[in-house]
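At position 18 of the sequence shown the residue is numbered 18 (the UniProt record's numbering), and the sequence of numbers has no breaks.
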Amino acid sequence: MSDRQPEATFPPQQRFSVLLHQTAALWRTALDRRLRPLGFSQASWRALIALRRQPEGCNQAVLAERLGIEAPTLVRLLDRMEKQGWLQRQSDPRDRRSKRVVLTAASLELAESMEATVEELRAELLAGLDPAQLEAMIDILETVRERAEGLLAKGAVDPESGSDIPL
């Protein structure tokens, strides 16, 4: 734990949002470091997992939506992954203007060792928490996520604001 914890004096709702942002950032950083020796980042791993669930491939626009990223960001990520031989982009037989992203055999083989790496990190980070604690956290996070999705659907939050200030 860090010696600097000014958020300890914040009101509970503000403290929750600060800790949520910090925890997510630290988790992503730890995952990036674990996946780096395999040639992957947290972002490329997420794309690989999403594509692995779609053996027939996935439209780039749909993939961007599933990953919660903008199309230009996805294109850069896919360019890197394609250069590494992890995926291929193919013409969509249903719409020639569209590209389907399909994993290569090499990336499917690597996925298992990546899963083991991710599971190992997850186990380390969640060690000592009993199932009831995890279920309570899951319930809270699902509620907050659903509310955020509802606000976005209503247009009440600008997802493009780029604000680094925790809500």
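Built from N, CA and C at the ideal position, the CB exists for glycine as well. Note that the structure is a prediction, hence the values are computed from the model and not measured.
Start-to-end residues for the alpha helix (DSSP H) that takes in residue i
i	result
Gln13	Pro12 to Leu35
Pro44	A small fix is needed here, since residue 44 is Ser in this sequence, not Pro. Segment Gln42 to Arg52, the alpha helix (DSSP H) holding Ser44.
Close beta carbons around residue i, own chain, < 8 Å, minus the five adjacent residues each side
i	result
Val75	Gln60
Met114	Leu35, Leu38, Phe40, Trp45 and Leu48
Asp164	At Asp164, the pLDDT of 38 sits below 50, so the modelled position is not reliable and the matter cannot be decided from this model.
Chain-order list of residues whose beta-carbon lies under 7 Å from that of residue i (same chain, five-residue window excluded)
i	result
Ala43	Leu77
Assumed close pair residue i, residue j - CB separation to whole angstroms, cut-off 8 Å
i	j	result
Ser107	Leu87	6 Å
Residue ranges of each alpha helix (DSSP H) within the stretch 64-147, 4 or longer: 71-83 and 105-126
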